[in-house]
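Before any comments, here is the structure.
Residue numbers (the numbering used here): 25 to 177.
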């Protein structure tokens, strides 16, 4: 007597991939394209950031409050850092979302993990954006040696 298993009980590695539910959207395709495009832009933004902060001028020894205040006094560097923050957060969140979809087996677990991910994304993105645009390069009562050269003590 031989024992046979039904095809629905055990999937063969060579069976075609079957979606859990049919979708009509190209969301995953656009997500995949976004990951490639944002990765290329992030490489430019990050290496530009590292070059200016570590190679130009006195290098890493020059990075202090005055250095950051001087950079963020320029709208160019505010936008540069904002783009780097937003793209890195969207890129990373999309990557972790994909990992959650691939490895979280239960729908409830997947929901909780995605909610935690989106909450962390929102908090970091909002706070980072606020810091970039509300940063005061010339705070009151700050020691003169820490202030940027354009600040009047």
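No residue lacks a Cβ here, since even glycine has one placed at the ideal position from N, Cα and C.
Exposed or buried, residue i, counting other C-beta atoms within 10 Å across all chains shown (16 or more means buried)?
i, result
"residue 140", "exposed"
"residue 56", "exposed"
"residue 79", "exposed"
"residue 39", "exposed"
Using beta-carbon positions only, say whether residue i and residue j come within less than 9 Å of one another.
i, j, result
"residue 157", "residue 106", "yes"
"residue 93", "residue 161", "yes"
"residue 124", "residue 134", "yes"
"residue 96", "residue 72", "no"
"residue 77", "residue 68", "no"
"residue 11", "residue 114", "In the structure as shown, the chain starts at 25 and stops at 177, and residue 11 therefore has no counterpart that could be examined."
"residue 170", "residue 116", "no"
Would you mind giving the Cβ-Cβ distance between residue i and residue j, rounded to the nearest angstrom? I have them listed as a contact below 8 Å.
i, j, result
"residue 81", "residue 109", "Rounded, the Cβ-Cβ distance is 23 Å, inconsistent with contact."
"residue 118", "residue 75", "Their Cβ separation, rounded to whole angstroms, is 26 Å, which puts residue 118 and residue 75 out of contact at 8 Å."
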